[in-house]
Each structure stands twice: as structure tokens, then as C-alpha cells.
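Accompanying notes for the structure given below.
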Amino acid sequence: MENVPYKIYLREDEMPKQWYNLRADLKTDHAPILNPATLQPVTVKDLEPIFCAEMAKLELNATNRFIDIPEELLAIYRMFRPSPLVRAYCLEKELGTPAQIYYKFEGNNTSGSHKLNSAFAQAYYAKEQGLTSLTTETGAGQWGTALAMACSYFGLKAKVYMVKVSSQQKPYRKVLMETYGAEIIPSPSDTTAVGRKILAEHPSSGGSLGCAISEAVEVAVANPGTRYVLGSVLDHVLLHQSIIGLEAKLAMNKYDIYPDIVVGCAGGGSNLGGLMAPFMADKLAGRSHPYFIAVEPASCPTLTRGRFAYDFGDTGQVTPLIKMYTLGGGFIPSPNHAGGLRYHGMNATMSQLYHDGYLDEARAVEQSEVFKSAVQFARVEGILPAPESSHAIKVAIDEALKCKESGEAKTILFGLSGTGYFDLSAYAAYNAGTMTDFIPTDEELAQGFSYIPKLPGIQE
Ligand SMILES: *Cc1c(COP(=O)(O)O)cnc(C)c1O
Numbered sequence: 172m173e174n175v176p177y178k179i180y181l182r183e184d185e186m187p188k189q190w191y192n193l194r195a196d197l198k199t200d201h202a203p204i205l206n207p208a209t210l211q212p213v214t215v216k217d218l219e220p221i222f223c224a225e226m227a228k229l230e231l232n233a234t235n236r237f238i239d240i241p242e243e244l245l246a247i248y249r250m251f252r253p254s255p256l257v258r259a260y261c262l263e264k265e266l267g268t269p270a271q272i273y274y275k276f277e278g279n280n281t282s283g284s285h286k287l288n289s290a291f292a293q294a295y296y297a298k299e300q301g302l303t304s305l306t307t308e309t310g311a312g313q314w315g316t317a318l319a320m321a322c323s324y325f326g327l328k329a330k331v332y333m334v335k336v337s338s339q340q341k342p343y344r345k346v347l348m349e350t351y352g353a354e355i356i357p358s359p360s361d362t363t364a365v366g367r368k369i370l371a372e373h374p375s376s377g378g379s380l381g382c383a384i385s386e387a388v389e390v391a392v393a394n395p396g397t398r399y400v401l402g403s404v405l406d407h408v409l410l411h412q413s414i415i416g417l418e419a420k421l422a423m424n425k426y427d428i429y430p431d432i433v434v435g436c437a438g439g440g441s442n443l444g445g446l447m448a449p450f451m452a453d454k455l456a457g458r459s460h461p462y463f464i465a466v467e468p469a470s471c472p473t474l475t476r477g478r479f480a481y482d483f484g485d486t487g488q489v490t491p492l493i494k495m496y497t498l499g500g501g502f503i504p505s506p507n508h509a510g511g512l513r514y515h516g517m518n519a520t521m522s523q524l525y526h527d528g529y530l531d532e533a534r535a536v537e538q539s540e541v542f543k544s545a546v547q548f549a550r551v552e553g554i555l556p557a558p559e560s561s562h563a564i565k566v567a568i569d570e571a572l573k574c575k576e577s578g579e580a581k582t583i584l585f586g587l588s589g590t591g592y593f594d595l596s597a598y599a600a601y602n603a604g605t606m607t608d609f610i611p612t613d614e615e616l617a618q619g620f621s622y623i624p625k626l627p628g629i630q631e
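For the sequence shown, the numbering used here assigns the number 172 to the initial residue and increments by one for each residue that follows.
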């Protein structure tokens with residue numbers, strides 16, 4: 172297949188015009204999201220005070236396989252899509268592997284990640300509904316930036332609760348979001364009841380996504396015209412990200428390529444879920460059998476060491492209950508961990524696929540080896556990868572090296588979800604040899620598990 176170009180671009184008119192709803196093809200649908208007050212499955216009406224109406228509807232849609240992308244949104248997507256599928260010829264040569272390595276690059280926009288795919292969709296529907304402002308949380312800052320960009324485009328106000336340690340580690344992310352007109356509040360903060368409660372219990376808390384979500388939800392519910400948006404974890408976000416996989420598949424089809432292995436990093440599951448969606452559809456239908464690997468940090472081992480249980484999406488226990496792999500809403504990842512992928516839970520569809528064995532494997536990797544792979548990749552492929560995406564790079568390299576051992580010429584596809592320009596303090600630590608690794612003990616994880624609720628008749 173020597174005639175495959177370095178970059179396979181789709182034409183704008185080839186861009187998918189519908190998202191693909193992977194949930195509709197699950198062999199076993201995931202357990203319903205529950206209203207914590209009644210322990211009954213949530214309805215669209217239950218979700219509407221929190222989320223935009225259209226997001227609430229999409230979130231509960233388990234039946235429509237394809238959903239039209241609105242015309243106006245398609246036009247906006249064309250600002251930064253289709254994104255390229257790159258054949259990593261230089262990395263293959265560096266590794267001396269017979270494997271063919273491809274990556275789908277989602278970092279080619281100012282927010283620097285795939286998050287813009289969902290941010291524009293959510294802001295679009297909010298504007299359609301006549302809302303005036305959106306609240307959200309951000310960890311590493313990519314989602315906050317994407318939402319700030321989308322809100323400025325549609326003239327909506329964005330209030331972003333940013334995990335406190337991240338706001339300290341990444342001051343320029345804050346500048347970027349403010350440049351796009353967003354208001355940034357380090358979380359936990361004294362602007363909400365839940366933030367004040369967390370601060371009273373843990374005055375020096377560096378925060379977590381779980382805390383920031385509680386704060387953002389509280390503000391949204393208290394203010395009419397304001398709704399809460401989430402950049403990962405939920406099924407409607409996975410739906411928006413399916414454009415990554417749909418484009419990747421179209422590009423591969425042009426050269427008769429099909430992946431043997433699909434790799435992605437998993438924080439809340441949206442970029443991997445989006446990348447693998449159409450290939451997973453093939454697997455569920457028995458048309459092909461690609462091997463799927465989710466990669467997570469050893470310091471936040473949701474799939475590899477978490478429980479499959481109903482849990483809250485946040486620390487303050489205000490969100491609906493989701494059946495997912497979870498470390499418990501009170502789990503606070505070690506502050507030495509750079510980059511995102513710190514969320515305690517995992518998307519419900521991805522959790523179900525992992526539980527049922529269709530998502531074949533989850534692998535936890537330590538951050539110093541992740542950065543080693545990031546640097547190796549950057550030096551031959553040019554792009555400075557996000558620390559999150561570098562988890563996928565690490566495993567793609569490991570799989571390519573296995574092929575070198577065995578002589579197999581497998582085709583490996585991985586998601587390069589974003590760029591690392593705002594992660595230079597982490598690169599500096601790695602370059603200086605001061606980066607440390609952290610693996611929580613079973614006792615530390617037990618602390619987080621103690622937050623998983625006991626639900627009479629559902630889980631003890
Ligand atoms: C947010 C983010 C992730 C993790 O989120 P998922 O929902 O698991 O995709 C991964 N990579 C980048 C670059 C991100 O910004």
C-alpha cells in the first residue's frame with residue numbers, strides 16, 4: 172500500500188452530514204440514567220432544567236442510528252473539518268515496524284482538540300432554544316476553550332469553572348478563554364453553595380472535575396436562560412464526536428484500508444468513542460473484528476480498576492445517576508498528574524461495551540512513559556501532542572513494536588485528539604527529569620469507592 176499519501180484529506184462535500192448513534196446498535200443497551208430523587212429512569216423533562224432541550228432529547232435517544240447535523244452547523248464544522256487522517260510514515264520508520272500506523276488528527280483548531288465538535292453543536296442548539304448563557308467545567312482547559320469559542324460565535328455568555336490546580340498549571344488557557352469572552356472561576360470556589368461546602372471540608376483542595384461540575388450545575392439550575400453543558404462523558408457528546416470515526420472510515424475506504432487495532436485515550440470516553448463508533452458498528456454486526464484499546468492514566472484508572480455501578484457524575488451528588496465504570500465521585504486525582512483524563516467516571520455506552528467485551532481492552536499507563544512516547548512522536552512527526560493524546564501514542568507505539576517482534580504488518584489507527592502547546596510546564600518537567608508517577612493504592616481507591624451511593628433494591 173505504498174501509494175497511500177502522508178495525509179488523506181476528504182473534500183468538504185464528502186464530510187458526513189449525519190452523526191452516528193452507537194448506542195442504537197448496542198447488543199445490550201446500557202442501564203437507564205436515573206433521577207436520584209425517585210430512582211426512576213430520567214425523562215427529557217427531568218433533564219431540561221439542567222441541559223438544553225435538544226441535548227436532553229439526544230441524551231435519551233437509544234433508537235435512531237443516524238441523526239442529521241443541522242445545515243448551519245455543517246457550515247461551521249467546515250471552518251476546521253474535515254480533519255486529516257495521517258499515515259505516520261516517519262514514526263513507522265523510526266520504530267522499524269512492519270505495522271502501518273494511522274492517526275486522526277483533531278488538534279487543528281485554536282481550541283487544540285476534538286472538543287470543538289461538541290462545543291459548536293451544543294452552543295448551536297442553546298442559541299436555537301433562545302438561551303443566553305451556558306455554564307460548564309473544564310479540567311485541562313481544552314473543553315473550556317472550545318466552549319468559549321463556540322459561545323462567542325453565537326453571542327452566548329460562557330461561565331467556566333476550571334479545576335483549581337489546572338488553572339494554576341495552565342495560566343495561558345485562562346487568557347485564551349477570556350480572549351474569547353468567557354468568565355473563568357477556579358473551582359472549588361466560594362461562588363456556589365457546593366463550592367463553599369467543599370472548601371470548608373478541604374480548604375486546600377486543588378479541585379477535581381467532579382467538584383467543578385457540581386458548581387456549574389448549581390449555577391445553571393438557579394438561573395433561567397442558563398443551562399449546563401458537558402464536554403465529555405454523556406452519550407450526546409459521544410454522538411457529536413462520531414464525526415471523527417465517520418471521517419476516518421471514509422478516508423480509509425478511499426485506499427482500501429481497514430484497522431486491525433483502534434486505540435484512543437479515554438477520559439470520559441468521547442474521543443475514543445467517536446473514533447471507534449463506525450468500526451464498532453462493524454464489529455457488533457459481525458462484519459469485521461477490529462481490536463479496541465482504551466488507554467487511561469495509571470493515576471486515574473477508571474476502567475482498569477474502577478467499579479461498574481450507578482454513580483453520580485459529580486462530587487456534590489446533584490447530577491442524575493449513571494451506570495458506568497467509576498472510581499467514585501469523591502475521587503481526587505493526584506495533583507502531580509499533568510493533563511486531563513482525570514474524571515472519575517466513564518461514558519455509559521463505552522462502559523457497557525467494555526463490560527460486554529466489545530471494547531476489548533483497557534490499559535493504564537504511567538505519565539513518564541507517556542511523555543517519553545510524546546517526545547518520540549513529536550521529534551519525527553512534528554506535531555506536539557496533548558498529554559491526553561499521548562496515552563494513545565504510547566500504546567500505538569507498543570503495539571507497533573509487538574508487530575516488529577512478530578513480523579506482522581498490522582494496521583493501527585489511533586486518535587490524536589489534540590495538541591500540547593498549553594502543556595509546556597508538563598513538558599518542562601519531563602525534559603528536566605522531575606516528572607513523577609503516581610499509582611493510587613487499593614486503600615486510596617477504597618476512599619473514592621465509599622462515595623458510590625447505595626441504592627435500595629438497585630445496588631447495595
Ligand atoms: C478532553 C480531552 C480528552 C479526554 O476526553 P474524552 O472524552 O475521553 O475524549 C482527550 N484528549 C484531549 C486532547 C482532550 O482535550
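The beta-carbon is built from N, C-alpha and C at its ideal position, and this holds for glycine as well.
- Put simply, the stretch 271-288 touches the stretch 314-331. At least three CB pairs are less than 8 Å apart.
- Beta bridge pairing from DSSP links tryptophan 190 with Ile238.
- For glycine 416, there is no enclosing beta strand (DSSP E); the residue is part of the alpha helix (DSSP H) that begins and ends at 406-425.
- For the beta strand (DSSP E) assignment, the uninterrupted runs of no fewer than 3 residues enclosed by the stretch 236-285 are, from N- to C-terminal side, 237-239, 256-258, 271-276.
- According to DSSP, aspartate 482 shares a beta bridge with Ile493.
- A direct Cα-Cα distance of roughly 33 Å separates proline 220 from alanine 617.
- Within the chosen limit of 6 Å, ligand 1 does not reach the beta carbon of alanine 383 with any heavy atom.
- Looking at the backbone, the Cα of aspartate 427 and that of glycine 511 are separated by about 34 Å.
- Glutamate 349 is positioned such that its CB atom lies no closer than 7 Å to that of glycine 366.
- Counting other Cβ atoms within 10 Å of its Cβ, lysine 216 stays below 16 and is therefore classed as exposed.
- DSSP lists Leu626 as the bridge partner or partners of glutamine 630.
- Of Glu243, Phe548, Ala580, Leu305, the smallest CA-CA separation from alanine 391 is found for Leu305.
- Under the three-state reduction of DSSP output, proline 449 falls in the helix class.
- From the listed residues Thr582, Tyr324, Ile356, Ala319, the smallest Cα separation to serine 337 is found for Ile356.
- If you check the CB distance, leucine 380 and glycine 310 come in under 7 Å.
- For lysine 298, the CB contacts under 6 Å within the same chain, skipping 5 residues up- and downstream, are Phe325 in chain order.
- With fewer than 16 other CB atoms across the displayed protein chains lying within 10 angstroms of its CB, isoleucine 610 is exposed.
- Residue environment analysis places serine 413 among the buried positions, since at least 16 neighbouring C-beta atoms fall within 10 angstroms of its C-beta.
- Taken atom to atom, the span from the alpha-carbon of glutamate 540 to that of arginine 252 is near 31 Å.
- The Cβ-Cβ distance between glycine 435 and leucine 446 falls below 7 Å.
- Inclusion of glutamine 189 and serine 596 in the CB contact set at 7 Å is not warranted, their separation being larger than that value.
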